[in-house]
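Chemist: Chains as they are written, first to last, in my numbering: chain A, 14 to 546; chain B, 886 to 1254.
We treat Cβ as the ideally placed atom computed from N, Cα and C, and that holds for glycine.
Since the structure is predicted, the reported quantities are computational estimates derived from the model, not experimental observations.
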Amino acid sequence: MSNESPLLSFEGITKDFYGTVVLKDVSFTLGRGQILGLVGENGAGKTTLMSVLFGMPVISETGGFSGAVKLDGQAVSFRNPFDALDAGIGMVHQEFSLIPGFTTTENIVLNRESLKAGPAVEVFGERLSVLDRPAMRARAESAIGRLGVKLDPEMLVSEMPVGHKQFTEIAREINRDNVRLLVLDEPTAVLTESEAEVLLTALRNLAAQGISIIFISHRLHEVLSICDRIVTLRDGHVVKDTEAKGVTVADVASWMVGRGVDETSRKGAARELPGKALEVENLWVDMPGETVRNVSFSVREGEIFGIGGLAGQGKLGIPNGIMGLYPAGGTVRLHGEPVTLDAPRAALDAGMAFVSEDRRGVGLLLDESLDWNIAFTAMQVKGEYLKTYLGGLVRLRDEKAMRALTEEYVKLLDVKCTGPKQKAKELSGGNQQKICLAKAFALKPTVLFVSEPTRGIDVGAKALVLDNLRHYNRDFGTTIVMVSSELEELRSICDRIAIVDEGRIAGILSPDAPLSEFGLLMAGVKVAEEVRP
Amino acid sequence: MSKTIDVRKILADNLVVVIFLVITAFAVPVSGLSAQFIIQELLTRIGRNAFLVFSLLLPIMAGMGINFGMVLGAMAGEIGLIVAVDWGILGVNGLALAALVGMPVAVLLGWLAGEVLNRARGREMVTGYILGFFMDGVYQLIVLYMMGSIIPIRSPAITLSRGYGIRNTLGLDSVRQSLDTLLAVRVGPYVLPMATYVVIGLLCLFILWFRRTKLGQDMRAIGQDQGVSHSAGIAVERTRIIAIVISTVLAMIGQIIFLQNMGNMATYNAHKQTGFFAAAALLVGGASVSKATIPNVFIGVVLLHLMYIVMPRAGAQLFGQAQIGEFFRDALSYAAIAMALVIYAWRKRANADKARAGLRGGEAAGGAK
């Protein structure tokens, strides 16, 4: 492979979004018929890199990128994903993009159907030619054959098992005449193990036919079993680019998560915490993109319980489901009392509060003032900050109490604002987050859920938010369940950390556990020891 | 996929049809009408209405629901008829001229409606309905004020006495039943308007053919998932507009066929209920807002009109007042639409629940084996 140019090479790709560098000097190459595993935590830059490759509009709209993408030694710059498709690059997304009421064949040749010209074509153009179904079927069968799997060409997608849907997607990509490179984003995430095995075999078949593959997956054992090379991204850098031979899952896991080998020192010893504040059994939540399948855990009284894991694995679904924001089922008990699911009011009444990851959507009334925002839920749920007249017939807002409350929290959380009457949308992300916290604190909850509390806010605000959570926990004994993608953050504050993988708890670790163990859990390797605080 | 026939499921899937069958089964003997009369009426009404109902099929296929905006096409047909009557063109030629004049109007209106509906994704039905009300105003402006003043109208017989504007009721004597009688065939005691049937038959063939074209395939794809279709490179917006344009043009022709059978035209009211009746017929025929077939059209037209024929008489026999039967049939038509919409929403929800049941446990990933 030394004397011919590689099929694809990235050369010094650097990309920033509004000053935040997400890719820095990323370079690697991919040869013909090679399978390259691209691994990394969320936010490591995998998605952005693929967006650069495919010329997604989001890249050019945010100022383009520097560096070069070369295909066959020629620099290319696609203006949109269709150009990339024309150049023979196919992408299979994690989410299926299939038409449910169409058959396998119809989906494989979608918008590239074989046509028979008829008289109407002369007058009204191409689109009025009749479909040539036998030819379509032949093409579909040949694509399925190349993949080396068994698929019924006439089966409706809606009646297929998930694995077959995934094969249909891949067959669609390789049905293009010129396909040379296939990018698969978490193709095995929804498959059972045996299905995944078949898929990997199919990918090997394709590679043997000279199609290069970029395989993005967090299931490291699969990456190791199928890939020729492994490129590990972390914080936008390529931290490791190596032959897959001789590498172990633990190696890759530590490359992915490890920020050096220095273990941050822990504050304070493990605490003795009696009693159970929250017990969750067999919880499922239907939150799009964050499906929770079967989760059971219990949180002790006064504990800070962390929930981590990669994006899309379901960690966000857990608090959203318990708080009734998405359809959910299972058993949730708060201090032994069962909580009604599917009803936000019941969850709030039970004494739980939630700081949503969707700050602007669920968290705030953007067009209202800060005092409104902070007092709003308390007013609705507990009837606080209201003055009653005429024996309860008329209830009006107690502006004075609201103002006092807001000033208290503005001072406590160091919110940068002009005063309680400022509109919530005028604050910066970090200060909005503090308002969300204040809103939850004002409810005086016994169990507080915080979801991605530091997402999109600067370092200073981050520390302040975390400090406040810790203080609130220590001073008021509030039990906190914190969901975060940032492992370091969880390790710095939590008593125990559960890692969610594929809608289930892969394991619960002590924050002192080595990083590689966290990495292994995120990679779907279930070797966890249960930790008792 | 079991082979046993689940009677309850079939009943549930065709609930609207079953209810209509039951009601008419009671009403027919009560009305005391002869079978011959009812059958002749039905044969006439199939010719009169089926074409209009057909105009709803393509937008449903394209996932835009029931095109209540077809009223726009009906207005275009009426404008065509006004011109044909004014010019005094007789018989089938007059109808052809009306269609010819109505065509550009219908295409323009359909394109306009399509543009609007593309901006109202997911609310196409209610938007189309309201669009019909709005365009009714524009229609009045044109027919009531512009015709005879700006648009030249030669025949004083159809203009209002003030000199401009079209009379409230337009006699269509020049074209009356010209299509129906063009090739009327007598079979036993019945008269069949064969020419009308041939036109409807051709339309069926057109729809069957259209479904097999690339454009038809694209519409089906868009109807099921716009996002996927877009990422596959199908021009989603354009295709949706084409669906509405075709629907509007078909409604235009349908309205001309309808009115030539009626023989006169309520200039300012004829189109008002068109969309409603067509939608009711289609839904009574067992269609839903996401799926409609050619048999649905015929079953629906027969069932709805069977009820329309027998209800006033049944009302008269039972309560001594035909009016009550008429109220009843109107209420039932509205109920059919309401019920079809509710059942659709309910079924969608049941499917979501069913999908959710798979979330749990090992079979989780959608029941893959």
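So, is the C-beta of leucine 534 of chain A closer than 7 Å to a C-beta in chain B?
Modeler: So, not an interface residue.
Chemist: Could you check the C-alpha separation between serine 73 of chain A and aspartate 248 of chain A for me, to the nearest Å?
Modeler: Serine 73 of chain A and aspartate 248 of chain A: Cα-Cα distance of roughly 21 Å.
Chemist: Can you pull the chain A residues whose beta carbon is under 7 Å from the beta carbon of leucine 1100 of chain B, in chain order?
Modeler: Under the 7 Å cutoff, chain A gives Arg140, Leu141.
Chemist: If you measure between the beta carbons of glycine 58 of chain A and leucine 43 of chain A, is that distance less than 7 Å?
Modeler: For glycine 58 of chain A and leucine 43 of chain A, no; Cβs fall outside 7 Å.
Chemist: Strictly below 9 Å CB to CB, what residues from chain A border valine 1130 of chain B?
Modeler: Simply none; closest approach about 12 Å.
Chemist: In the structure shown, what three-state DSSP assignment does threonine 116 of chain A receive?
Modeler: In this structure, threonine 116 of chain A counts as strand in the three-state DSSP scheme.
Chemist: Alpha carbon to alpha carbon, how far is glutamate 126 of chain A from glutamine 47 of chain A? Give it in angstroms, no decimals.
Modeler: Each residue's alpha carbon lies about 30 Å from the other.
Chemist: In chain B, which residues lie less than 9 Å from leucine 144 of chain A when you measure between Cβ atoms?
Modeler: The contacting residues are Arg1097, Thr1098, Lys1099, Gly1101, Gln1102.
Chemist: For tryptophan 297 of chain A, write down the residues that DSSP places opposite it in a beta bridge.
Modeler: Answer by DSSP bridge pairing, in chain order: A:Gly342.
Chemist: Could you tell me whether the Cβ of asparagine 124 of chain A comes closer than 7 Å to any Cβ of chain B?
Modeler: Closer than 7 Å to some Cβ of chain B, the Cβ of asparagine 124 of chain A qualifies, so yes.
Chemist: Return the CA-CA distance between glycine 50 of chain A and glycine 537 of chain A, expressed in angstroms with no decimal places.
Modeler: If I take the Cα positions, the gap works out to 16 Å.
Chemist: I'd like to know if isoleucine 1119 of chain B contacts chain A, where contact means its C-beta is closer than 7 Å to some C-beta of that chain.
Modeler: Closer than 7 Å to some Cβ of chain A, the Cβ of isoleucine 1119 of chain B qualifies, so yes.
Chemist: Starting from serine 550 of chain A, trace the beta strand (DSSP E) both ways and give me its first and last residue.
Modeler: Nothing can be reported for residue 550 of chain A, as the shown portion of chain A is limited to 14 through 546.
Chemist: What does the Cβ neighbour count give for glutamine 1062 of chain B, buried or exposed, with the cut at 16 atoms within 10 Å?
Modeler: Burial call: buried.
Chemist: Which residue's Cα is closest to the Cα of glutamate 314 of chain A: A:Gly158, A:Lys163, A:Gly138, A:Thr459?
Modeler: When each option's Cα is compared against that of glutamate 314 of chain A, the closest is A:Thr459.
Chemist: Between leucine 379 of chain A and alanine 437 of chain A, which are expected to be in contact by the criterion C-beta below 8 Å, what is the C-beta distance as a whole number of angstroms?
Modeler: Contact holds; Cβ gap of about 5 Å.
Chemist: Which residues of the segment 179-191 of chain A have a Cβ closer than 7 Å to any Cβ of chain B? Give them in chain order.
Modeler: Those residues of the segment 179-191 of chain A that come within reach of chain B (Cβ to Cβ, closer than 7 Å) do not exist; the list is empty.
Chemist: Threonine 550 of chain A to arginine 1004 of chain B, Cα distance in whole Å?
Modeler: Shown here, chain A extends from 14 to 546; a query on residue 550 of chain A therefore has no answer.
Chemist: Using the Cβ count rule (16 or more neighbours within 10 Å means buried), how would you classify tryptophan 385 of chain A?
Modeler: Counting Cβ neighbours within 10 Å, tryptophan 385 of chain A comes out buried, since at least 16 surround it.
Chemist: Let me know the secondary structure DSSP gives aspartate 525 of chain A once reduced to three states.
Modeler: In this structure, aspartate 525 of chain A counts as coil in the three-state DSSP scheme.
Chemist: Just to confirm my understanding: we take aspartate 1103 of chain B, look at its own chain, exclude 5 residues before and 5 after, and list those with CB closer than 6 Å. What are they?
Modeler: Closer than 6 Å at the Cβ level, and outside the excluded window around aspartate 1103 of chain B, lie Ile1119, Thr1124.
Chemist: By Cβ distance, which residues of its chain are closer than 6 Å to leucine 943 of chain B, with the 5 residues on each side in sequence left out?
Modeler: Taken in chain order, the residues that qualify are Ala1128, Ile1131, Ser1132.
Chemist: Do valine 122 of chain A and arginine 152 of chain A count as a contact pair if the criterion is CB distance below 7 Å?
Modeler: Yes. Within cutoff.
Chemist: Compute the beta-carbon to beta-carbon distance between valine 1134 of chain B and glycine 958 of chain B, rounded to the nearest angstrom, for a pair I have assumed lies under 8 Å.
Modeler: That belief holds up - the Cβ atoms of valine 1134 of chain B and glycine 958 of chain B are roughly 6 Å apart, short of 8 Å.
Chemist: Could you check how far apart the C-beta atoms of leucine 1057 of chain B and glycine 1148 of chain B are, in whole angstroms? I think they sit under 8 Å.
Modeler: The pair is a contact, with the Cβ atoms about 6 Å apart (cut-off 8 Å).
Chemist: In this structure, what does DSSP give as the bridge partners for methionine 1224 of chain B?
Modeler: Answer by DSSP bridge pairing: none, since methionine 1224 of chain B is not bridged.
Chemist: Here's a check: name, in chain order, each residue in its chain whose Cβ is nearer than 6 Å to the Cβ of arginine 507 of chain A, leaving out the five neighbours to either side.
Modeler: Here residue 507 of chain A is cysteine; the residue named in the question, arginine, does not match the sequence. For cysteine 507 of chain A, where only same-chain residues beyond five positions count, the Cβ hits under 6 Å are Ile317, Gly319, Pro524.
Chemist: List in chain order: all unbroken beta strand (DSSP E) runs of 3+ residues lying wholly within the segment 938-980 of chain B.
Modeler: The qualifying runs do not exist here; there are none.
Chemist: On a Cα-Cα basis, can you pick out the residue from A:Asp38, A:His231, A:Glu421, A:Val203 that is closest to valine 52 of chain A?
Modeler: The candidate whose alpha carbon is nearest that of valine 52 of chain A is A:His231.
Chemist: Quick one: any contact between the segment 342-354 of chain A and the segment 903-916 of chain B, if contact means 3 or more CB pairs under 8 Å?
Modeler: Output reads no: the segment 903-916 of chain B does not touch the segment 342-354 of chain A.
Chemist: Out of A:Val162, A:Leu111, A:Asn444, point me to the one whose CA is closest to leucine 383 of chain A's CA.
Modeler: If we check each option's Cα against that of leucine 383 of chain A, A:Asn444 comes out closest.
Chemist: Is there a Cβ from chain B that is less than 7 Å from the Cβ of isoleucine 112 of chain A?
Modeler: Yes, its Cβ sits closer than 7 Å to a Cβ of chain B.
Chemist: Compare the C-beta of valine 1113 of chain B with all C-beta atoms of chain A and state if any pair is closer than 7 Å.
Modeler: For valine 1113 of chain B, the answer is yes, since a Cβ of chain A falls inside 7 Å of its Cβ.
Chemist: Does leucine 21 of chain A come out as helix, strand or coil in the three-state DSSP assignment?
Modeler: Strand.
Chemist: Taking C-beta pairs closer than 8 Å, name the residues in chain B that phenylalanine 95 of chain A reaches, listed in chain order.
Modeler: Under the 8 Å cutoff, chain B gives Gly1118.
Chemist: Going straight from the alpha carbon of valine 472 of chain A to that of leucine 528 of chain A, what length do you get?
Modeler: For valine 472 of chain A and leucine 528 of chain A, the distance between alpha carbons rounds to 22 Å.
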